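Worksheet for the structure shown next.
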Amino acid sequence: MRMRALKACCAALLLGLSAQAGFEGITCLDWSPAGDKLLLASQGALYLGEAPTARGAYRLPPDKAWVTWGRFGPEGDWYLYATPVEDGYALWKGFFDDRDPEELFHSPSPIHQPTVSADGRWVAFVGEEDGQTDLFLLDLESGELTRLTRTPFEEACPDFSPDGGTLAFVGLWAPEGGSWDLFLIDLETGAIQQLTEDQFFDWYPRFSPDGEWIAFESNRSGLSDIYVIRRDGSDLTPFTYDGWRDAFPAWSPDGEEIAYAQRKPSGWVILAEGAY
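For the sequence shown, counting from 1, position 27 maps to 376 in this note's numbering; every step adds exactly one.
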């Protein structure tokens with residue numbers, strides 16, 4: 350595919366209105382594999398709404414646990430999330446019917462920002478070991494847990510490539526703070542490639558369905574906007590530039606649109622714009 354001129358085909362829903370009370374802090378957004386639903390997290394709860402604007406969003410289980418991150422399963426018939434529990438953290442498979450959530454993994458250490466591979470076998474997440482924040486890979490078939498990074502710095506926001514062979518993530522890889530940059534890690538070799546290296550704050554990378562592009566949030570314009578970059582680090586291109594905070598990009602399954610959250614004085618808005 351080739352990136353063409355970005356054409357807005359926007360539709361918006363103000364999530365801060367009384368009809369959508371409580372949506373005053375979105376922390377993630379995901380587009381269903383079937384293309385008809387959006388999953389989002391707001392104020393510690395997960396919601397499901399109609400794509401592309403989250404119209405009619407309603408709360409999903411769990412009802413009491415604090416959840417800031419969710420992802421659709423590969424077929425869209427379940428969703429992945431993590432919660433703190435009495436003796437640590439648990440990774441869960443939630444369902445869109447009356448079935449109870451299924452616990453997939455239990456850890457005495459934190460589990461944050463989980464994401465699942467396209468074949469449903471692997472889960473990557475941000476965890477802690479020896480007081481250090483790193484990326485971990487869980488094999489759901491065997492239960493084997495692998496530590497992917499061992500750095501003195503921090504990593505966040507993992508996202509699988511469509512073929513499952515690569516993770517995009519952001520890292521704070523500077524001895525004295527610095528900025529969050531965009532990286533790729535080859536899951537077979539462990540080789541890490543840095544895609545951005547500057548003073549800006551890059552966050553929330555998401556692979557396009559064809560695996561050729563990565564959408565992410567960055568403040569390189571002076572505000573927070575959505576950008577796209579090829580997976581080889583070339584063709585860094587602004588996707589939004591509108592004077593508002595734009596965050597949490599999510600590709601449509603056909604790669605034709607990117608949904609994202611936009612913060613306005615009256616509340617959060619969900620927009621979708623043409624990408625190719």
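Glycine included, each C-beta is placed from N, C-alpha and C at the ideal position. Keep in mind that this is a model prediction, so the values were computed, not measured.
Counting along the chain, T464 sits inside the beta strand (DSSP E) bounded by residues I460 to V465. Exclusion of the five residues before and after Y396 leaves L389, A406 and R408 as the residues of its chain whose Cβ lies within less than 6 Å of its Cβ. Assigned with DSSP and collapsed to three states, G571 falls in coil, not helix or strand.
Just so you know, the alpha carbons of E490 and R470 end up roughly 6 Å apart.
Following the DSSP letters along the chain, one finds P382 in no beta strand (DSSP E), marked with neither H nor E. By alpha-carbon distance to E424, the top candidate from R448, E435 and K386 is K386. For S391, the secondary structure class from DSSP, reduced to helix, strand or coil, is strand. S573 sits close to D595, with the two beta carbons spaced by under 9 Å.
Contact between the segment 583 to 592 and the segment 534 to 543 is absent, with fewer than three C-beta pairs closer than 8 Å. Less than 9 Å separates the beta-carbon of P463 from that of L429.
In the same chain as G384, and ignoring 5 residues on each side of it, the C-beta atoms closer than 8 Å to its own belong to A400, S601, P602 and D603, in chain order. Assigned with DSSP and collapsed to three states, S601 falls in coil, not helix or strand. Within the same chain, F509 and G513 come within 6 Å of S466 by CB-CB distance, once the 5 residues on both sides are set aside. Counting only residues of its own chain and dropping the five nearest sequence neighbours on each side, S567 has a CB closer than 6 Å to the CB of F549, D551 and Y576.
Measuring C-alpha to C-alpha distances from F445 to each of K413, G398 and L453 identifies G398 as the nearest. No Cβ-Cβ contact shorter than 9 Å links L487 with L533. A buried status is given to R555, since no fewer than 16 other beta-carbon atoms sit within 10 Å of its beta-carbon.
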